[in-house]
Amino acid sequence: MAEQKIIEAISNLKEDKIKEILLYKGKEQEFLFEAARKIREKSKFQNKVELRSVIELSNICSQKCRYCSISKDGKPSFVLSKEVVLNNVDFLAKKGRRTFLLQSGENSNQKFVDDVAYCCSEITKKYPDSKIILCLGNLSYEQYRLLKESGASRYILKFETSDSKHHKFCRPSDTIENRLKHIETLLELGFQVGSGNIVGLPEQTLDNLIADLKLINKLELSMVSATRFISSENSEFKNYSNGDIDLTLNFLAILRILKPNCLIPSTTSLAINKNQGQINGLMAGCNTITIHDGTPEEFEKNYAIYSQNRFSPNEQYCREIIEQCKLEASNYLI
Ligand code: SF4
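Residue numbers for the sequence shown follow this note's numbering, beginning at 97 and rising by one.
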């Protein structure tokens, strides 16, 4: 398909064509990535890549996602104290970092949320030029409001899979309808919201992926994402194979064409079992990279969402891959 035809088919969400595009390999795939890069170049962020720093606050989670091994691997549970979080933010800020992603398993315990809110207001006071992104799962309206008023400007709440039956199969402790209500609440409160799916989940069909694209297209998102399913050794899905890298990269390129002005991360799920996986994500149109040096080492090994053998990219690696792709690192883009 010629480049303009690819862009048209994706922009108009032509299902049959998108199914073909999702399966592209070789030359056709390179053509797709090139189209995605051109769209990124013309977007409001052009060739800039947001370089953010993650701090993993806690591995306690009330959900039971079957693809996740958090708190199923016999690892001790942890919650970072406010002091540790703020010390780590100082450590990162001294290196010049200004986008802090505070991530945790889902924990609506009020003391936990109050502590996160305290950290947000301290960070905002000390580093007024910083951005705080939260990824804490489903919370109450009042808790979201508190966090927003404390200085967090963005919230990531992935829907993971939009088909309600498939969602129940993968995330039996939640429903897609409930997840979408939370996303709507976050938007109503004025958060810049991020959401997306996992590509390659067990029992997932191409029709499921098309439905995910349609949902992403409908939501007013500032950040969109697609991570690759990783068969984590302690999860209920441990006997399934990892998601296909090419399918994930094609999905990411389609996302870029569909959402030119959104942040799209090239995640470490692309880097497992394939060297330079995150470079491929950037070459497929992504524009966000996360540095994993904000969680104290003794806790990081207990935060196993993907796998025990997770890859934790440091700053040097992240900057090098951005440079290799002829892109420019930026402290934040929104
Ligand atoms: S994927 Fe997230 S919400 Fe689901 S069990 Fe793991 S940490 Fe909890």
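Ideal Cβ placement from N, Cα and C applies to all residues, glycine included.
- Separation of L198 and I102 (C-alpha to C-alpha, rounded to the nearest whole angstrom) is 37 angstroms.
- Checking the 7 angstroms criterion, the Cβ of E202 is within range of a heavy atom belonging to ligand 1.
- Annotation: S165 to K191 spans about 32 angstroms, alpha carbon to alpha carbon.
- Taking the Cβ of I166 as the reference point, at least one heavy atom of ligand 1 falls within a distance shorter than 7 angstroms.
- One alpha carbon belongs to Y251, the other to I228, and they sit about 9 angstroms apart.
- By the CB criterion at 8 angstroms, R352 and I341 fall outside the cutoff.
- Bridge partners of P172 according to DSSP: none are assigned.
- Put simply, the backbone Cα of K110 is about 19 angstroms away from that of Q300.
- Under the three-state reduction of DSSP, M319 is assigned to strand.
- Going by C-alpha positions, L302 is about 21 angstroms away from F127.
- In the DSSP assignment, I252 falls within the unbroken beta strand (DSSP E) covering R250 to I252.
- Relative to the Cα of K134, the nearest Cα in the group Q159, P356, R162 and N205 belongs to P356.
- Counted as a single uninterrupted DSSP element, the alpha helix (DSSP H) harbouring F129 occupies residues G122 to K138.
- Nearest to F174 by alpha-carbon distance, out of N155, K160, A189 and C161, is N155.
- Taking C-beta atoms as the reference points, E99 and A132 fail to come closer than 8 angstroms.
- Taking 8 angstroms as the cut-off, the Cβ atoms of G290 and S318 count as close.
- Excluding the 5 residues flanking it on each side, T257 has same chain C-beta neighbours closer than 8 angstroms at H263, C266, R267, I272, N293, I294, L297, Q300, N304 and D308, in chain order.
- Excluding residues up to 5 positions away in sequence, N143 and V145 lie with their Cβ nearer than 6 angstroms to the Cβ of L423 in the same chain.
- Residue environment for K244: buried (at least 16 other C-beta atoms within 10 angstroms of its C-beta).
- For N274, the closest of F287, D259 and L285 by C-alpha to C-alpha distance is D259.
- For G339, the closest alpha carbon among the candidates S331, L348, S327 and L182 is that of S327.
- Annotated three-state conformation of G296 is coil, per DSSP.
- By the beta-carbon neighbour count (other beta carbons within 10 angstroms, threshold 16), N184 is buried.
- The continuous stretches of alpha helix (DSSP H) do not include E424, which lies in the beta strand (DSSP E) extending over residues E424 to S426.
- In this structure, G247 sits near T220, with a CB-CB distance shorter than 8 angstroms.
- Around the C-beta of Y240, 16 or more other C-beta atoms lie within 10 Å, and the residue is accordingly described as buried.
- Relative to ligand 1, G247 has its C-beta separated by 7 angstroms or more from all heavy atoms.
- The straight-line gap separating the alpha-carbon atoms of F255 and H278 is approximately 10 angstroms.
- S269 sits close to Q159, with the two beta carbons spaced by under 8 angstroms.
- Distances from the CB of Q300 to the heavy atoms of ligand 1 are all 7 angstroms or more.
- Within the DSSP secondary-structure output, P361 pairs in a beta bridge with T384.
- Assignment of K144 by DSSP, reduced to helix, strand and coil, places it in the strand class.
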